[in-house]
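Everything on this sheet refers to the single structure shown next.
Number of protein chains: 2
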Amino acid sequence: MAKYEQLASQIRQQIESGIWRAGEKMPSLRKQAAHSGMSLMTVMHAYQQLESQGWLVAHPRSGYTVAESIRISPQSHNAAVETAEAVDINSFIFDVLQACRKPYMINFAFAYPDPNLYPRHQVNKSLMHAARSIPVSNALDNLPPGNDTLRAMIAQRYAAKGISIAPDEIVITAGALEALNLSLQAVTRPGDWVVVESPTFYGALQSLERLGLKALSVRTDPKTGLDLTSLERAFQSHSVKACWLMTNHQNPLGFTLTEPKKRQLISLLNKYQVALIEDDVYSELYAGNEQPLPAKAFDASGNVMLCSSFSKSLVAGFRIGWVAAGKRATDIQKLQLMSTLTTSVPIQLALVDYLSTRNYEHHLRQLRRTLDKRKKAMCRLLTQMLPPDVEIEPAEGSYFVWLRLPVTSDTMAIYTQALAENITIAPGKMFSPGKQFNHCLRLNTSFELDESHTDAIRRLAEIINQHLEQQ
Amino acid sequence: MAKYEQLASQIRQQIESGIWRAGEKMPSLRKQAAHSGMSLMTVMHAYQQLESQGWLVAHPRSGYTVAESIRISPQSHNAAVETAEAVDINSFIFDVLQACRKPYMINFAFAYPDPNLYPRHQVNKSLMHAARSIPVSNALDNLPPGNDTLRAMIAQRYAAKGISIAPDEIVITAGALEALNLSLQAVTRPGDWVVVESPTFYGALQSLERLGLKALSVRTDPKTGLDLTSLERAFQSHSVKACWLMTNHQNPLGFTLTEPKKRQLISLLNKYQVALIEDDVYSELYAGNEQPLPAKAFDASGNVMLCSSFSKSLVAGFRIGWVAAGKRATDIQKLQLMSTLTTSVPIQLALVDYLSTRNYEHHLRQLRRTLDKRKKAMCRLLTQMLPPDVEIEPAEGSYFVWLRLPVTSDTMAIYTQALAENITIAPGKMFSPGKQFNHCLRLNTSFELDESHTDAIRRLAEIINQHLEQQ
Chain G
1 MAKYEQLASQ
11 IRQQIESGIW
21 RAGEKMPSLR
31 KQAAHSGMSL
41 MTVMHAYQQL
51 ESQGWLVAHP
61 RSGYTVAESI
71 RISPQSHNAA
81 VETAEAVDIN
91 SFIFDVLQAC
101 RKPYMINFAF
111 AYPDPNLYPR
121 HQVNKSLMHA
131 ARSIPVSNAL
141 DNLPPGNDTL
151 RAMIAQRYAA
161 KGISIAPDEI
171 VITAGALEAL
181 NLSLQAVTRP
191 GDWVVVESPT
201 FYGALQSLER
211 LGLKALSVRT
221 DPKTGLDLTS
231 LERAFQSHSV
241 KACWLMTNHQ
251 NPLGFTLTEP
261 KKRQLISLLN
271 KYQVALIEDD
281 VYSELYAGNE
291 QPLPAKAFDA
301 SGNVMLCSSF
311 SKSLVAGFRI
321 GWVAAGKRAT
331 DIQKLQLMST
341 LTTSVPIQLA
351 LVDYLSTRNY
361 EHHLRQLRRT
371 LDKRKKAMCR
381 LLTQMLPPDV
391 EIEPAEGSYF
401 VWLRLPVTSD
411 TMAIYTQALA
421 ENITIAPGKM
431 FSPGKQFNHC
441 LRLNTSFELD
451 ESHTDAIRRL
461 AEIINQHLEQ
471 Q
Chain Y
1001 MAKYEQLASQ
1011 IRQQIESGIW
1021 RAGEKMPSLR
1031 KQAAHSGMSL
1041 MTVMHAYQQL
1051 ESQGWLVAHP
1061 RSGYTVAESI
1071 RISPQSHNAA
1081 VETAEAVDIN
1091 SFIFDVLQAC
1101 RKPYMINFAF
1111 AYPDPNLYPR
1121 HQVNKSLMHA
1131 ARSIPVSNAL
1141 DNLPPGNDTL
1151 RAMIAQRYAA
1161 KGISIAPDEI
1171 VITAGALEAL
1181 NLSLQAVTRP
1191 GDWVVVESPT
1201 FYGALQSLER
1211 LGLKALSVRT
1221 DPKTGLDLTS
1231 LERAFQSHSV
1241 KACWLMTNHQ
1251 NPLGFTLTEP
1261 KKRQLISLLN
1271 KYQVALIEDD
1281 VYSELYAGNE
1291 QPLPAKAFDA
1301 SGNVMLCSSF
1311 SKSLVAGFRI
1321 GWVAAGKRAT
1331 DIQKLQLMST
1341 LTTSVPIQLA
1351 LVDYLSTRNY
1361 EHHLRQLRRT
1371 LDKRKKAMCR
1381 LLTQMLPPDV
1391 EIEPAEGSYF
1401 VWLRLPVTSD
1411 TMAIYTQALA
1421 ENITIAPGKM
1431 FSPGKQFNHC
1441 LRLNTSFELD
1451 ESHTDAIRRL
1461 AEIINQHLEQ
1471 Q
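Quick mapping for you: the protein sequence lines, in order, are chains G and Y. First residue of the first sequence: 1, per the numbering used here; consecutive thereafter. First residue of the second sequence: 1001, per the numbering used here; consecutive thereafter.
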């Protein structure tokens, strides 16, 4: 096959998979040549062939568009790449989270593990100890990048896993959310394209919305994760500035990329010069015996900003996270100086005290065991109670289960009805700028299946059954 | 209306807006008299009237509480103008602040008061106490808008000054800087015009830079403050979305607007439909006997976002601030959900403990006295050592002095030379997007004039003298 035919075929695939849609403008010859590494002449031949086959329409002096006649089948939840020019989801997420605050709610929408699983007394003792010994000059000592000892301890924990991260590239932040926000801000300007997973953690969508960024949602497989072919296509078709990805225990699906896939991801990012913001907040909550490495472990370029926190594994209310920011550590310190200035001093010192006097690893082993047990128990209960056409997909690590109802279902209706019975769920709508997961929902499995939680699952199953029958 | 009736009506409004809640203890007669400036007899009459109307309940020998039956609905409450299309100052400020971190520096550039002036032991004890009693379900309890008790206490402190602010409009933030940032974000889009003072607190410039906003710097007078004629002209010539102003103890100049001027400011803002972001972090550090009110006290429209914190008056490293956001309280909660999620829980509880068990007012009185004494001592020393063509302008409240050198001077050169001798100063360049204050500098006067500080002032004076001679 001649080169131009290869390119034409590639573009046809892109149109078929919905990357370029009916009526949309194609990249100029020059741009396409730059992307594909082919000559202008080759690109021109490819476009001419596609025109003669009815895929493209030529417009004098203004390039090519996709023919209006090209309508791709509306299997939109299978689209390789979905675009969203503007993200508008925060108000909805605010409402869902506010609903969770009522004390009598059963919160399957909860994003944190059951707070009873945290080593509360030990952490509080560390805070008391820290409170006794706060140094006088604490305001300046803890300007960005944050407490030196805490940063060294975080680097040491990475080192123990075989990842070399210098304390100098670590910046302490107000939770992982600030780390992720600052990272995204460091590499984008309003209007830029950012790749997220489809479905993705809603925090990514909130951040994109906040910074006026455009979302490119790339297809994932519930088991194997992000589809790298679609990712590369997204890089080819759009000028992508950053990817916001979870490579371990993805929220909401729970997949973990294999090591070869992580390496391949890193080489794709380097090839197309795209920054990676790696959200790794569940990495301590793995299943089995081996903790998966973050993609950053395979990066030598300094192009990965690895974000994490203690909120999912040690204590929720401290709001301490960090980013191992690679070559952007100073940029991120400067951005933090403009946003929150610095992170609470005694809280940083309390974590230093906890990590140096307590056995965090022991706590984590217990936590993982309990979460695994509870997740299995809840999935058993769901399997008993839900009709067989509801797919139950527990995350491999972490503490979520993803329910996939028949595609015509509407989990917003289920959400509203459950809420009326004081049960919260996380409807699929939270996890995408589009509508392709409106038939799905996420549940938190970290709670003990006591009477009230068992009862709530039963009521929820009734609501789902009813909803499916009405269809 | 008799005086006691006026007071009764004011208290009724406070109860209606949720400042005092059902069952809660009211300030004692003596305290209320001190706050309101009315006689004990007047206060007693007011309380008796409220009792007869069913608002308050009298308890023999223990004062008054709000009647349990009172349940309030939760809904209750040079160039005159310089323009800068883009602000680019953060990197420079980052460098200045990083220089301050070295332990051997004498930090006249410091933005906080001498940390030895904070009631460190009391605050730390409160933190220890809070650490002992952190509730289990602390992650959700403290989502935006933050801890309810802390918000009520802040509202009560405003009420004591005669300002009715409902707890519902208060959002707890990661320091005043987050409060200011979220407020600015709530009322602007990238590219909008925002009015700042000339000169202004550099944090305002950093925030504008961060959000891609354009600065309109409006002329100020060192004594009378913001020039309202210029302000109105700015409103007429540009589509201004917001003003970021300090109406009390402005940083760096130290002026406080008079009450009539504050009222006039509010009516201008309402006339032109411009939002006010009021940075009031020095309001506790007033000179003399009377605390000036914020401009918000004179606003009925809900259009003022009053931002403050405990960082300048109680503890620097906690990073707790707030905004009384008026009609934009919900918008700001939603923005916080996207930026830092929430503020550290134990730190909020520690402040609740401190405010309810300690005598904050007593600490503030001492702090004000000490700051005033030290400022005067430092200004005397400066007057002795500096040539007469350097104008020395101490702030009225707070703890800064602004030095105005002959206009041909360049305080960046002085900054660099002082730095080489381990002394930091805040050069005028930090306080403006333009160059009109490059001959000025700001010094922190809160430190004790011990040998090393006296010596540092002498060396600084030598550097300044030398600089002026070379011109």
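The C-beta atom is built at its ideal place from N, Cα and C for all residues, glycine as well. Remember, it's a predicted structure, so these values are computed and weren't measured experimentally.
Only those residues of the region 176-205 of chain G whose C-beta falls short of 7 Å from the nearest C-beta of chain Y are listed: Leu177, Glu178, Asn181, Pro190.
Chain-order list of chain Y residues neighbouring Ser91(G): Lys1334, by C-beta distance under 7 Å. The DSSP assignment places 1170-1173 as complete runs of the beta strand (DSSP E) inside the region 1108-1175 of chain Y, in order along the chain (cut-off: 3 residues). If you check the CB distance, Ala1174(Y) and Thr340(G) come in under 8 Å.
DSSP, read as helix, strand or coil, puts Ile93(G) in helix. Cβ proximity to chain Y below 7 Å picks out Ala316, Gly317, Phe318, Arg319 from the region 308-320 of chain G. DSSP places Met1001(Y) outside both helix and strand once states are collapsed to three, so it counts as coil.
One Cα belongs to Ala179(G), the other to Arg328(G), and the distance between them is close to 12 Å.
By the CB criterion at 8 Å, Lys334(G) and Phe1094(Y) fall inside the cutoff.
In chain order, Asp141, Ile172, Val345, Gln348, Leu349, Val352 place their CB closer than 8 Å to the CB of Asn147(G), counting only its own chain and leaving out the 5 sequence neighbours on each side. Ser1309(Y) is bridged by DSSP to Gly1321(Y). When beta bridges are read from the DSSP output, Trp193(G) appears opposite Lys214(G), Val240(G). In the structure shown, the three-state DSSP call for Glu1085(Y) is coil.
Contact between Ile414(G) and Leu441(G) holds: their C-beta atoms lie close to 7 Å from each other, under 8 Å. In chain order, Ala131, Arg132, Ile134 make up the part of chain G whose C-beta sits under 7 Å from the C-beta of Asn1124(Y).
Closest in C-alpha terms to Leu355(G), from the list Val87(G), Ala152(G), Ile277(G), comes Ala152(G).
At a cut-off of 8 Å between beta carbons, Phe1094(Y) contacts chain G.
Trp402(G) is bridged by DSSP to Glu393(G), Arg442(G).
Scanning chain Y for C-beta atoms nearer than 9 Å to the C-beta of Leu351(G) yields nothing, as the closest lies near 11 Å away. Secondary structure within the region 1269-1302 of chain Y: the beta strand (DSSP E) runs of 3 or more consecutive residues, fully enclosed, are 1275-1279 (chain order). When 7 Å is used as the limit between beta carbons, Leu1117(Y) is near no residue of chain G, the shortest such separation being about 10 Å. Contact residues of the region 37-69 of chain G toward chain Y are absent (C-beta to C-beta distance below 8 Å). Taken in chain order, the unbroken stretches of alpha helix (DSSP H) that lie wholly in the region 1333-1364 of chain Y and span 4 residues or more are 1345-1357. Per DSSP, His1249(Y) lies in no beta strand (DSSP E) segment and is marked neither H nor E. For Thr343(G), the neighbours in chain Y by C-beta distance under 7 Å run, in chain order, Arg1319. Contact annotation for Gly23(G) against chain Y: no contact, minimum CB-CB distance about 29 Å [criterion: below 8 Å].
One Cα belongs to Pro60(G), the other to Ala86(G), and the distance between them is close to 31 Å. Taking C-beta atoms under 8 Å as the contact rule, Gly397(G) and Tyr286(G) qualify, at a distance of about 4 Å.
DSSP places Ala418(G) inside the alpha helix (DSSP H), whose first and last residues are 411-420. Beta-carbon to beta-carbon, Glu1462(Y) and Arg1374(Y) are separated by about 22 Å, too far to satisfy the 8 Å threshold. Of the residues Glu209(G), Arg210(G), Thr256(G), the one whose Cα lies closest to the Cα of Asp227(G) is Thr256(G). Interface flag for Ala1242(Y) against chain G is unset, since no Cβ pair is found closer than 8 Å.
Taking all protein chains in view, the Cβ of Tyr1104(Y) is surrounded by fewer than 16 other Cβ atoms within 10 Å, so the residue is classified as exposed. For Arg328(G), the secondary structure class from DSSP, reduced to helix, strand or coil, is helix.
DSSP, read as helix, strand or coil, puts Ser1183(Y) in helix.
Pro346(G) belongs to the set of residues whose beta carbon lies under 8 Å from a beta carbon in chain Y.
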